[in-house]
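Heads up: the structure comes next, in structure tokens.
Protein chains: 2
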Amino acid sequence: MTLHKSQEPEITSVVELPTDKARWITLQQINYTDQTGKPRTWEVAARKTRAAKAGVDAVAIGNILLPANGDPPSTIVVIQYRPPLDAYTVEWPAGLIDEGETAEQAAVREFKEETGYEVSRVVDVSPVQAADPGMSSANMKMVMVEVDLPEGAEAGVLPEQRLEDGEHIERVVVRLDGFYDRLVEYSKKERFVVAAKLFHFAAGMQFVRNRGKELKLL
Amino acid sequence: MTLHKSQEPEITSVVELPTDKARWITLQQINYTDQTGKPRTWEVAARKTRAAKAGVDAVAIGNILLPANGDPPSTIVVIQYRPPLDAYTVEWPAGLIDEGETAEQAAVREFKEETGYEVSRVVDVSPVQAADPGMSSANMKMVMVEVDLPEGAEAGVLPEQRLEDGEHIERVVVRLDGFYDRLVEYSKKERFVVAAKLFHFAAGMQFVRNRGKELKLL
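Going down the list, the protein sequences come from chains Y and G.
Just so we're aligned: 72 in UniProt numbering is position 72 of the first sequence, and the numbers increase by one with no gaps anywhere.
Just so we're aligned: 116 in UniProt numbering is position 116 of the second sequence, and the numbers increase by one with no gaps anywhere.
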């Protein structure tokens, strides 16, 4: 894959950010009593943007693209430069839930913005999941969607994205039957890293494909 | 499942933690130039404990328990109170990589500490994965292990854990063929949340079990 960009993003400096100057995230000290009644503390990173209605920070959009001609199904992943990793991350489309939205509404909106595709069907909304529970209070839901591709979409022409200013998001369509192998390939590329949630989903798929019979899962 | 504890953990206060007082995690502002050369900033939560040798913060230990009598395989998950969520999280055993360790060594050590079981075989070590790439620089590897259970382990007696002071970790053995359903059940329980990585792996398994034939994945 070629990333269409004029230059490589580059970090110019990393500075310690005082908590009272941070706008999007914060550090908290939680004081609590444990199971034995002993007072303890824990350090936590938290988002400052959680929408009240959903009570959930973000959605990730698992997706299946179904070709009109019966070709094998694919999924669309997005690749973008993520400053926290100083790397291009491979992820399913995802985003924060806006005030007043449900997880499902956020998923349909974000999927359209990042991929250009209209969702044909929402097939599942997961329970709330803890993003990185040892370190952070961030949480998310996975919304699984399907897109019935129009005739001719097999030719590889993707619809127009609706990105916000400053968003540079590449899209890659990957056949589901080669999904795990492609993620492993991306992981070997210089300055690329796969997001843990996506990698775990694909690894779970591959686990059943490779060992499902032996382990009596099929 | 009953959690054996004398009382429920309780948060007594949450206070903003100044960055220069934090010991385990920190906030950073990353200044960078994007693909168009425009200067931008990003707020990041980072761990302060990354071991130099591994270059990776943590391991999660995917695991398969294989009964000696040929009964269906299981996996062991751990449940612990996580102050960032004020909830009991369901996760695969996991831990930070100590200085001088490889991911594989950390996995074998943590698995023994948290579950009491010796690893029989390490079957896979994943590439580096980004834990929550929009918000944090934290990263991890998944190490997949197998345990050949001794005769009689089917009776449900678990070996002794080796927990550190203050660790209260319950273990639950779940049959792999009922894994996803159990995680959904846990998600419905008051004050329980499943970790996103674990949920995604189980969802990937279930996806192939339910739709693998229809989607030509098997």
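All C-beta atoms, glycine included, are put in the ideal place defined by N, C-alpha and C.
When the distance is taken between beta carbons, is residue j closer than 8 Å to residue i?
| i | j | result |
| --- | --- | --- |
| Leu96 (chain G) | Asp57 (chain G) | yes |
| Leu65 (chain G) | Leu198 (chain G) | no |
| Val83 (chain G) | Ile79 (chain Y) | The sequence given here has Pro at residue 83 (chain G), not Val. No, they are not a contact pair. |
| Pro9 (chain G) | Thr41 (chain Y) | no |
| Ile61 (chain Y) | Ala130 (chain Y) | no |
| Thr26 (chain G) | Pro18 (chain Y) | no |
| Tyr81 (chain Y) | Gln35 (chain G) | yes |
| Leu158 (chain Y) | Thr75 (chain Y) | no |
| Leu217 (chain G) | Arg209 (chain Y) | yes |
| Phe207 (chain Y) | Ala203 (chain G) | no |
| Ile169 (chain G) | Asp86 (chain G) | no |
| Val143 (chain G) | Val125 (chain G) | yes |
| Ala22 (chain Y) | Glu43 (chain G) | yes |
| Val119 (chain G) | Val147 (chain G) | yes |
| Glu99 (chain G) | Ala52 (chain G) | yes |
| residue 225 (chain G) | Ser136 (chain Y) | The requested residue 225 (chain G) does not occur in the structure, where chain G is confined to residues 1 to 218. |
| Tyr88 (chain G) | Arg191 (chain G) | yes |
| Val77 (chain Y) | Val59 (chain Y) | no |
Relative to the C-alpha of residue i, which candidate in the options has its C-alpha closest?
| i | options | result |
| --- | --- | --- |
| Val194 (chain Y) | G:Leu158, G:Asn139, G:Lys189, G:Ala202 | G:Asn139 |
| Arg162 (chain G) | G:Glu114, G:Lys213, G:Gly178 | G:Glu114 |
| Val145 (chain G) | G:Glu160, G:Pro127, G:Val123 | G:Val123 |
| residue 220 (chain G) | Y:Pro127, Y:Ala196, Y:His168 | It is not possible to answer for residue 220 (chain G), since the shown part of chain G is limited to 1 through 218. |
| Glu151 (chain Y) | Y:Gly212, Y:Asn69, Y:Asp86 | Y:Asn69 |
| Gly134 (chain G) | Y:Ala46, Y:Arg175, Y:Glu16, Y:Gly37 | Y:Ala46 |
| Tyr117 (chain Y) | Y:Lys21, Y:Gln35, Y:Arg175, Y:Glu160 | Y:Glu160 |
| Gly37 (chain Y) | G:Phe201, G:Val15, G:Gln7, G:Gly37 | G:Gln7 |
| Lys112 (chain Y) | Y:Trp24, Y:Phe207, Y:Trp92 | Y:Trp92 |
| Phe179 (chain Y) | G:Glu167, G:His168, G:Leu215, G:Tyr180 | G:Leu215 |
| Glu167 (chain G) | G:Ser120, G:Ala94, G:Lys213 | G:Ala94 |
| Asp71 (chain Y) | Y:Ala153, Y:Gly212, Y:Glu164 | Y:Ala153 |
| Glu16 (chain G) | Y:Lys213, Y:Lys48, Y:Pro67 | Y:Lys48 |
| Gly55 (chain Y) | Y:Val77, Y:Lys141, Y:Gly212, Y:Arg191 | Y:Lys141 |
| Arg121 (chain Y) | Y:Pro67, Y:Asp165, Y:Asn63, Y:Pro73 | Y:Asn63 |
Kindly list, in the order they appear in chain G, the residues whose Cβ is closer than 9 Å to that of residue i.
| i | result |
| --- | --- |
| Ser120 (chain Y) | Those do not exist, as Ser120 (chain Y) stays about 15 Å from chain G at its closest Cβ, beyond 9 Å. |
| Lys216 (chain Y) | Pro72, Pro73, Leu176, Asp177 |
| Glu110 (chain Y) | Going along chain G, no residue has its Cβ under 9 Å from Glu110 (chain Y), so there is no contact; the nearest lies around 12 Å. |
| Ile11 (chain Y) | Ile30, Asn31, Tyr32, Thr33 |
| Pro127 (chain Y) | Leu183, Val184, Tyr186, Ser187, Lys188, Val193, Val194, Phe199 |
What does DSSP give as the partner residue(s) for residue i in the beta ladder?
| i | result |
| --- | --- |
| Gln35 (chain G) | DSSP output for Gln35 (chain G) lists no bridge partner at all. |
| Gly95 (chain G) | G:Val59 |
| Arg27 (chain Y) | It should be noted that the sequence gives Leu, not Arg, for residue 27 (chain Y). Looking at the DSSP assignment, Leu27 (chain Y) forms a beta bridge with Y:Ala45. |
| Phe192 (chain Y) | Y:Tyr88 |
| Ile79 (chain Y) | Y:Val90, Y:Glu170 |
| Asn139 (chain G) | G:Ala130 |
| Ser74 (chain G) | G:Leu65, G:Arg175 |
| Ser120 (chain G) | None; Ser120 (chain G) has no bridge partner. |
| Ser13 (chain G) | Y:Asn31 |
| Val208 (chain Y) | Looking at the DSSP assignment, Val208 (chain Y) forms no beta bridge with any residue, so it has no partner. |
Any heavy atom of the ligand MN closer than 7 Å to the CB of residue i?
| i | result |
| --- | --- |
| Trp24 (chain Y) | Annotation note on the ligand MN: not contained in the displayed structure, which lists no ligands. |
Residues of chain Y with CB closer than 8 Å to the CB of residue i, please, in chain order.
| i | result |
| --- | --- |
| Gln7 (chain G) | Thr33, Gln35, Thr36, Gly37 |
| Glu43 (chain G) | Leu17, Ala22, Arg23, Trp24, Ile25 |
| Gly55 (chain G) | Correct list: empty, because the minimum Cβ distance to chain Y is about 12 Å. |
| Thr89 (chain G) | Ala130, Pro133 |
| Tyr81 (chain G) | Asp34, Gln35 |
So which residues of chain G does residue i contact, with C-beta pairs closer than 7 Å?
| i | result |
| --- | --- |
| Lys197 (chain Y) | Ala196, Lys197, His200 |
| Asp132 (chain Y) | Ala131, Asp132, Ser136, Ala138 |
| Thr40 (chain Y) | Here residue 40 (chain Y) is Arg; the residue named in the question, Thr, does not match the sequence. Ordered by position in chain G, the residues that pass the 7 Å Cβ test against Arg40 (chain Y) are Gly166. |
Under 8 Å between beta-carbons, which chain G residues line up against residue i? List them in chain order, please.
| i | result |
| --- | --- |
| Asn85 (chain Y) | The sequence given here has Leu at residue 85 (chain Y), not Asn. Per Cβ cutoff of 8 Å: Ala130, Pro133, Ser137, Asn139. |
| Arg209 (chain Y) | Val208, Gly212, Leu217, Leu218 |
Run through chain Y and tell me which residues come within less than 9 Å of residue i, C-beta to C-beta.
| i | result |
| --- | --- |
| Arg47 (chain G) | Met135 |
State whether the region 98 to 111 of chain Y contacts the region 171 to 189 of chain Y, with contact taken as three or more CB pairs (one from each stretch) at a distance under 8 Å.
no
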